[in-house]
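Participant: In the numbering used here, the protein residues as written are 10 to 313.
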């Protein structure tokens, strides 16, 4: 079968099973941890436009020049009680307490089963969702092998005649047996460079792919038009340089690592009715806590 003929079927199957293949629909319960670090550096005036969350981020960056934030989160799920996140530690060097409005910004979608994919609080049409596939062209590059499993590598891009904003371009790797997403990448080179990644690892005990890493990289040059990060389109163009311009770029980096998976065992769900819980002890963790997290990350990287 030619690649052009089989691609729609592969994407259709992946889209049909998108929610079914999510971890919480594959197991009765789970718990796992994540370490998240976020860094933004450059010109705070590049964060333009109104909005409380964006204003707080701009003010914070002006104070520190470089904003760095890190968190650890316990993710728990029970088929009866549902899903929740417990922030086990959080810190922003230079501040006594984290600037909480920054945490309310959705820099990147955590899951891939929604019809829209979020980047910097903006919604883009998810090329993997069944209600969005008509906006994209798909092309199989080649079969490949990841963790001893055959996968399809499929490129996606907006249809040539689709004059619709907020479309994406990138690559997805799909498991040839269960049509689960193994790797998902977005890359928009040019004046505004955005790269995103979702990678998964195969859990042989449960027979499912589980999140391994998620990342977002954004670079915006100072000599481009100011960037509407929240509530506007990602449009940039050339500015005429002036003597007052510093030529400083704006960089954003978000990296999330997932580890310590426990599947299909009883979990301590804690308080009900709270999607995100932040216990008092999460703030002000000693340096030894973060050093231990770094050791765990390195061990995981060595295994993978």
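C-beta: ideal position from N, C-alpha, C; glycine also.
Rounded to the nearest angstrom, what separates residue 41 and residue 170 at their Cα positions?
Facilitator: Along the chain shown, read from residue 1 onward, the residue named residue 41 stands at position 32. Along the chain shown, read from residue 1 onward, the residue named residue 170 stands at position 161. If you take the alpha carbons of residue 41 and residue 170, they lie about 43 Å apart.
Participant: Do residue 212 and residue 270 have their CB atoms nearer than 9 Å?
Facilitator: Taking the first residue of the chain shown as 1, we reach residue 212 at position 203. Taking the first residue of the chain shown as 1, we reach residue 270 at position 261. Against a cut-off of 9 Å, the Cβ pair of residue 270 and residue 212 comes out as a contact.
Participant: Take residue 253 and list the residues in its own chain whose beta-carbon comes closer than 6 Å to its own, dropping the five residues that flank it on each side.
Facilitator: The residue you call residue 253 lines up with position 244 of the chain shown. Interpretation of residue 253 is limited by its pLDDT of 41, a score under 50 that renders its predicted location unreliable; no figure is taken from the coordinates.
Participant: Residue range of the beta strand (DSSP E) that residue 337 falls in?
Facilitator: Because the chain spans 10 through 313 in this model, residue 337 falls outside it and cannot be assessed.
Participant: List the whole-angstrom C-beta distance separating residue 160 from residue 32, where the pair is believed to meet the contact cut-off of C-beta under 8 Å.
Facilitator: Counted from its first residue, the chain shown places residue 160 at position 151. Counted from its first residue, the chain shown places residue 32 at position 23. Their Cβ separation, rounded to whole angstroms, is 18 Å, which puts residue 160 and residue 32 out of contact at 8 Å.
Participant: Between the stretch 221-230 and the stretch 63-83, can you find at least three pairs of beta-carbon atoms closer than 8 Å?
Facilitator: No, the stretch 63-83 is not in contact with the stretch 221-230.
Participant: Any idea which residues DSSP pairs residue 47 with across the strands?
Facilitator: Translated into the one-based positions of the chain shown, residue 47 becomes position 38. Paired residue(s): 78 and 263.
Participant: Could you give the C-beta distance for residue 117 and residue 180, rounded to a whole number, given that I count them as a contact under 8 Å?
Facilitator: As a first step, residue 117 is located in the chain shown; it is residue number 108 there, counting from the start. As a first step, residue 180 is located in the chain shown; it is residue number 171 there, counting from the start. Going by Cβ atoms, the distance from residue 117 to residue 180 rounds to 17 Å, so no, they are not a contact pair.
Participant: State whether the stretch 183-195 contacts the stretch 96-112, with contact taken as three or more CB pairs (one from each stretch) at a distance under 8 Å.
Facilitator: No: fewer than three Cβ pairs fall under 8 Å.
Participant: In this structure, does DSSP put residue 243 in helix, strand or coil?
Facilitator: In the chain shown, the residue the question calls residue 243 occupies position 234. Any reading at residue 243 needs caution, since the residue's pLDDT is 35, under 50, leaving its predicted position unreliable; the model's value is listed next. It is coil, neither helix nor strand.
Participant: Assess, as a yes-or-no matter, whether the stretch 69-77 is touched by the stretch 278-298 under the definition of 3 or more beta carbon pairs within less than 8 Å.
Facilitator: Too few Cβ pairs lie closer than 8 Å, so no.
Participant: For the alpha helix (DSSP H) containing residue 188, list its first residue and its last residue.
Facilitator: Residue 188 sits at position 179 when you count from the first residue of the chain shown. Run containing residue 188: none; DSSP gives neither H nor E here.
Participant: Applying the 10 Å Cβ sphere with the 16-neighbour rule, what's the burial state of residue 267?
Facilitator: Here the question's residue 267 lines up with position 258 in the chain shown. Buried: at least 16 other Cβ atoms inside 10 Å.
Participant: Please state if the CB of residue 111 and the CB of residue 287 are separated by a distance shorter than 9 Å.
Facilitator: Locating residue 287 in the chain shown gives position 278, where the first residue counts as 1. Locating residue 111 in the chain shown gives position 102, where the first residue counts as 1. No, they are not a contact pair.
Participant: What residues in its chain sit with their C-beta under 6 Å from that of residue 147, if we drop five residues either side in the sequence?
Facilitator: Taking the chain shown and counting its residues from 1, one reaches residue 147 at position 138. Counting only Cβ-Cβ distances below 6 Å, and skipping sequence neighbours, we find 16, 20, 163 and 165.
Participant: Can you tell me whether DSSP reads residue 69 as helix, strand or coil?
Facilitator: By one-based count along the chain shown, residue 69 stands at place 60. Correct three-state label for residue 69: helix.
Participant: Whole angstroms is fine: what's the gap from residue 175's alpha carbon to residue 138's?
Facilitator: As a working note, residue 175 is residue 166 in the chain shown. As a working note, residue 138 is residue 129 in the chain shown. Each residue's alpha carbon lies about 14 Å from the other.
Participant: Using only the alpha-carbon positions, how far apart do residue 46 and residue 280 sit?
Facilitator: Residue mapping note: residue 46 aligns to position 37 of the chain shown, counting from 1. Residue mapping note: residue 280 aligns to position 271 of the chain shown, counting from 1. Computed Cα separation, rounded: 26 Å.
Participant: Beta-carbon within less than 6 Å of residue 264's beta-carbon, same chain only, minus the 5 sequence neighbours each way: which residues are those?
Facilitator: For the purposes of this step, residue 264 is taken as the residue at position 255 of the chain shown. Cβ neighbours of residue 264 beyond the five flanking positions: 46 and 224.
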